[in-house]
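**Q** Residue numbers (my numbering), protein chains in the order written: chain A, 738 to 1179; chain B, 899 to 1268; chain C, 406 to 781. Where is the CB? At the ideal position from N, CA and C, for every residue including glycine.
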Amino acid sequence: MSLWNRILQKLIGANQPKIEQPLAGKLAVSPRLENNLAYITELFADVADFVCRRLSVGGRPAALLYLRGITDARVIQEGIAGPLLQCQHNASLSELLQCISVSNFACLQDLHQALLQMLEGKVLLLCQGLSQAILVDAANFPKRNIAQPESDVAISGPQEGFIEHLADNFALVRRRLRTPKLKSRVFRLGALTRTTVMLCYLQDRVGQQLLAEVETRLQQVQDQVDLPDILDSYAIMELISDHPRSPFPQLLQTERPDVIVANLVEGRGAILVDGSPVALVAPAAFFDFFQTADDYNLHPIFAAFTRWLRFLAVVISTSVSALYVAVVTYHYEIIPARIITTIARTRSMVPLSSFTEAILMEITVDLLREASVRLPGAVGQVIGVLGALVVGQAAVQANIVAPLMVIVVAISTISSFLIPNNEQATALRLLRFPLIVAANFL
Amino acid sequence: MQGKRQKVITGWQLFCLILNGVVGIGIFNLARQVGEVAGRGVLLTIPLAGLLALGTLAGHYLLARRFPRQTLAEYAEKILSPPLGKIYLGLYGVLSLALAITVSRSYWSLVSAWALGRTPQLAFLLPLILVCWNVARRGVVVTARVVELINYGTLTLMLLLMIPVIPVDLDYVRPVMETGVGGILRGIIPSLYATIGFDVFLIVFPYVRSRRPFAAGAAAIALITLFYTVTTLLIIGNLGLELVLINTWPLQTYLHRFALAVFERADIVFLIAWVFQIINTVIVLMFTGMTVLQGVVPQKVSRRWLHLSILVLAMAGVAWPVKFASQVKLVNSLSPIAFFYHAITPLLLWLIAALRGLKGEKTDVQDQAA
Amino acid sequence: MCKTKLLSYLLLVIVACSLSACWDQRPIEDLGLINCVGIDIYPENPELLDFTFVYPLFLEERRQAAKLDIIAAANIGEAINIWERRNPRRFAAGKVGIVIFGTEAAQQDLSGLFDYAQLPLFDDNAYVAVAAGKASDLLQTPLPETEIIATHLHTMFRTNRHEGQTILVTVGKLMTLATVQGIDPILPKVHKLGEDRIELDGAVLFQDRRMVGTLDQNELLIFMALQGQHSIVSIAPTTANTGELAKPKVELDLVSPKTKIRPQLQDGKLVVNFSLQASYVLHSYSSVQNITKPEAAQSLTRDLESYLLIEAERLITKLQELGVDPLGVGKRLRASNFRQFDPLQFREQWADAAISIDVKLKPFRAGAIDTTQPDR
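#1: Below 8 Å, can you find three or more Cβ-Cβ pairs linking the stretch 854-867 of chain A to the stretch 803-813 of chain A?
#2: Considering only residues of the same chain and omitting the five flanking positions on each side of L1169 (chain B), which have a CB-CB separation below 8 Å?
#3: In its own chain, which residues sit with a C-beta less than 6 Å from the C-beta of L411 (chain C), not counting the 5 before and 5 after it?
#4: Please list the terminal residues of the continuous alpha helix (DSSP H) segment that includes L526 (chain C).
#5: Assign W1031 (chain B) to one of two classes, buried (16 or more other C-beta atoms within 10 Å of its C-beta) or exposed (fewer than that).
#6: Closest to R1072 (chain B) by CA distance: which of C:K539, C:G437, C:V585, C:K578 is it?
#7: Which one of C:M629, C:D529, C:L453 has the shortest CA to CA distance from V660 (chain C)?
#8: Which of the three DSSP states, helix, strand or coil, is assigned to S978 (chain A)?
#9: Does S1090 (chain A) get closer than 9 Å to chain C when you measure Cβ to Cβ?
#10: Look up S680 (chain C) in the DSSP assignment and say whether it is helix, strand or coil.
#11: Which runs of the alpha helix (DSSP H) fall wholly inside the stretch 709-771 of chain C and span at least 4 residues, in chain order?
#12: Give every residue of the same chain whose Cβ lies closer than 6 Å to the Cβ of G735 (chain C), excluding the five residues on either side of it in the sequence, and list them in chain order.
#13: Within 10 angstroms of its Cβ, does L1047 (chain B) collect 16 or more other Cβ (buried), or is it exposed?
#14: Could you tell me which residues DSSP pairs with K663 (chain C) in its beta bridges?
#15: Indicate whether F1096 (chain B) and A1118 (chain B) have their beta-carbon atoms separated by less than 9 Å.
#16: On the three-state DSSP scale, how would you describe L804 (chain A)?
#17: Could you name the residues of the same chain whose beta carbon sits closer than 8 Å to that of A891 (chain A), not counting the 5 residues immediately before and after it, in chain order?
#18: Run the CB neighbour count on K500 (chain C), radius 10 Å, all protein chains shown included, and call it buried at 16 or more, exposed below.
#19: What's the C-alpha gap between I813 (chain A) and V1015 (chain A)?
#20: Could you have a look at I1181 (chain B) and say whether DSSP puts it in helix, strand or coil?
#21: Could you tell me if G924 (chain B) is buried or exposed, where buried requires 16 or more neighbouring beta carbons within 10 angstroms of its beta carbon?
#22: Taking only the alpha-carbon atoms, compute the straight-line gap between S541 (chain C) and G507 (chain C) and give it to the nearest angstrom.
#23: Got a sec: is the Cβ-Cβ distance from S983 (chain A) to anything in chain C below 9 Å?
#24: With DSSP run on the structure shown, which of helix, strand or coil describes S689 (chain C)?
#25: Between the beta-carbon of V1098 (chain B) and the beta-carbon of F1185 (chain B), is there less than 9 Å?
#26: With three or more C-beta pairs closer than 8 Å as the rule, is the stretch 1049-1069 of chain B touching the stretch 1128-1138 of chain B?
#27: Should I923 (chain B) be flagged as near chain A, meaning a C-beta pair shorter than 9 Å?
#28: Touching or not, the stretch 700-713 of chain C and the stretch 740-749 of chain C, by the rule of three or more beta carbon pairs under 8 Å?
#29: At the level of alpha carbons, what is the spacing between G1215 (chain B) and L997 (chain B)?
#30: Give me, in chain order, the residues of the same chain whose beta-carbon lies closer than 6 Å to that of F985 (chain A); leave out the 5 immediate sequence neighbours on both sides.
#31: Which of helix, strand or coil does DSSP assign to M935 (chain A)?
#32: Please report the straight-line C-alpha distance between R881 (chain A) and F907 (chain A), rounded to a whole angstrom.
#33: Is A1147 (chain A) close to chain C? Criterion is C-beta to C-beta, closer than 9 Å.
#34: Give me the Cα-Cα distance between Q911 (chain B) and R1043 (chain B), rounded to the nearest whole angstrom.
#35: List, in order along the chain, the chain A residues whose C-beta lies closer than 9 Å to that of K472 (chain C)?
#36: Could you tell me the distance, in whole angstroms, from the CA atom of P798 (chain A) to the CA atom of E815 (chain A)?
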């Protein structure tokens, strides 16, 4: 184990509490209703949204168990409870099932498994004398409507984006890929959250080696008993990527179903995560992060031009401040004679060295950016104006920074906005600081 | 081990390796070195030298084709019998490392004369060597990939250098036959020294996936010859031969006359950009040296220790204080030895192998890959 | 594994530490941005040279001023050392845009510059000229307060060149001209007019690296036409050579004049043929003849041709008498006939050379033609 890992473990590893698995192992459904209910009510004590509704089905006592809020009350009333009350006396299991007017149901003998499914929005029906639990689908999670993706904006082409609901997200993919070759495998990650994660691929297109590798890695995550939660796809990305410590993203993230479909057709695998509007694509190379959905909807010449522009933006955003520092500190020769006097004059009035100036300005710009991202729209704009005034004008007038430095930082910041992928842009933005240090000292 | 050797190098990467092994520091003073001997005949001398280099590469190809699944380090011993082969390879590897050190030191003397007058030599050369060593020790895949990536920049610089942006007076270049045939022929020798480095072909040949490895090598040599010829024409046509002959680094003086709109001093910009190319050249030379030396040391010696000792040697090489004049002398005496060793001895090996009827195992991997 | 990693980290740290001292750090604000250098003979000791360094001073409110230091030294390297010792700033290499030689210094030798010009101390694209009198006097000329001398001179050189009024010689080109066999340097001449005006007028001829003579502005223009490297040469044949051109005022631009210079050695004697071809654009013209008529236009062209011919002959004779070859006849002779070219004998051959000149002009465009006929 490397030194770094050991330090990391010392710092964070020791304080992690052990996670108990409440519904681990198998427990057979008892034919005595009261036994089952006693076990369940103890398990779900102090659970506010847990509902246990006793009723008589065909003359024998029964109970409907479900979680309020994630189930549809109307379906329960009209599709399950109503018909069950009218069930004939001493009905058998198959007759009971015939009574229920909801199409999606299942019978389980394992109570733990049944309870786990109940936690996902199903209604659990337990009957006296039946050693099976009946699960009826009445799930109705709160969700938002399908809307335009926020971070993956495209000017032309489809405007649908993923939402937090996995089934809907997969439906968006399915709508574009009407083929039986679209396969998927489901994983449950996180001991407490049990987040549903779906690995989709196109059979015959995807490389078998790749598929096996992704499956193994997801399986390893699923088997991690000490991993409490998976709340978003970014967590999965960190867990299954090759170099988790690298600041650069190694899986492509997107909120667009059309991008996912394009990648599936190209033979890659897609990972959809319940509760996250961001899907992942594996594998992804450095240059994949510079593609946008618009590239496919534009004329090839414009698309190529904008893509090259983005590469240029990467170079500018990472190196222009460092270049300024290096040129002003070491290689003044390359500044044209007509500009050098102007630069020297403005620099001579600034008390800070060009290195300090550059670091200061970059940090200020990052502060402004971070502030405006977290604030609501109207206030964000105020921050923008304030930043422009403070950084742009006041700092120059007060001779704290040279005007050229402001231009340089502005150019580098604007360039960083050209990188379509946020993760990539952040990683590249961070690169600026070591480069500025290198420019000044090496 | 030989059976497992994978074909990991594409034809393009082979092209890059050869190109970058050759183009390095030579371009800065080629016009002067050849001009001293061949006068204005340089314009004939350099293409002729290019043709000769191409012939030598063909010899290398013949040798490599006899042993398609082995590198030079493996079959040289077989051809020359173990003790002699070991001595041969040891010298070969040390010479490659010496060339790597010489290239970096020469570049430093240029940089210190031109831009960084007060920085100590070590501050520039140690990190350079460390970076190159770190790439070269990671083996053929990483080396080829790094060289390929840097090569895109190199090719751009080479193409830019070949554009005649500053006026050229052809009267300065004429008459090309000034020194007669004798002068032109004598000039071939110093121009050949500028093409040292393509022997990496012998080292990476068994890894090459391309169907036509010789074509890749030949294309690299042709491009180098074109590049040398055009830049020499431009330099002499602009500076005049007399001024070239009294300039230590004629290319820099030539670039000094060119003002870019944004970056005024093209010479300084070029000097900074060319550092990457020097890194590339040193990587290729170090890689050659390391691979050959791996064949010499016994199997039980750990590779890590070999690599570390090579690093220490290289660092000692760049740290060793030598005056500029003696360094020039050193380079002048090293070039013929290196040329004989790297370019000519493989031809002799091929001859011996052919006479002794030695051949490597036939490979079907190559055909499969094709 | 861990050991190797630790070792490599250690190496990296050592390397990083060895770098952090930044030996060559030269922050731009600490530099003396010397943009003009004047070179004169030191009056009290002709062995030494007086170097005039001009650099801008930064004043508040965007106002600029120039500061001037005069330093006596054997060569420019020594002068820079002395200047750096006296001054808290460092000499900014490569930013010198103008180099002016005083007449005396030019007559002595140009080597004061060449010793260091090989190092990238000067900008190779810096303009070089010779001042009539002392360079330091010229550089101290008071100018309107918005301008500084370097910018003023720079703009003046460029504008004059664009208008076809002068040659432009850079440090790099001067080095080539002074080193290559078979061509002699020529530099433009700057005058101080009155108290506060500077003007370009004529040129200075060099034999090897020593000034041996001058050309007046008219001769310089003819020289430029013969040199054939300028896109426009603006001539105003005011001196009357032909009857027709005697009275009227004529101003024209020669557009891309090209001269073929063919030197040959016939029985050891040099024979040089100059054939000048150019189109011309007429700027202003006043005459008794109406040149919109083809015959009159042809007659004007013939007159201009004969004017150029006579002036060119006069110029070349002057060059032969001075023994200088700024047109590069020797260079061409070597290129075409290198076995017979002997750099040692060439000056004598050139002085005695038989010259033949052809001039062929073609009207390209007539601008504003003044057809008033004042005599009638």
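**A** The structure says:
#1: Contact annotation: the stretch 854-867 of chain A touches the stretch 803-813 of chain A, with at least three C-beta pairs closer than 8 Å.
#2: Once the five neighbours on either side are set aside, the close Cβ partners of L1169 (chain B) are L1008, V1009, W1012, A1013, Q1150.
#3: none
#4: L526 (chain C) -> no alpha helix (DSSP H), and no H or E assigned at all.
#5: W1031 (chain B) is buried by the Cβ-count criterion.
#6: C:V585
#7: C:M629
#8: coil
#9: yes
#10: Strand, per DSSP.
#11: 734-742, 748-756
#12: G587, F751
#13: exposed
#14: C:Q682
#15: yes
#16: The DSSP-derived three-state label of L804 (chain A) is strand.
#17: For A891 (chain A), the CB contacts under 8 Å within the same chain, skipping 5 residues up- and downstream, are R993, T1029, A1030, D1031, N1034 in chain order.
#18: buried
#19: 32 Å
#20: helix
#21: buried
#22: 8 Å
#23: no
#24: strand
#25: yes
#26: yes
#27: no
#28: no
#29: 10 Å
#30: Answer for F985 (chain A): A1164, listed in chain order.
#31: DSSP places M935 (chain A) in strand when its eight states are reduced to three.
#32: 15 Å
#33: Taking Cβ atoms only, chain C never reaches closer than 9 Å to A1147 (chain A), which makes this a no.
#34: 7 Å
#35: Within chain A, no residue comes near K472 (chain C); the closest Cβ sits about 13 Å away, beyond 9 Å.
#36: 19 Å
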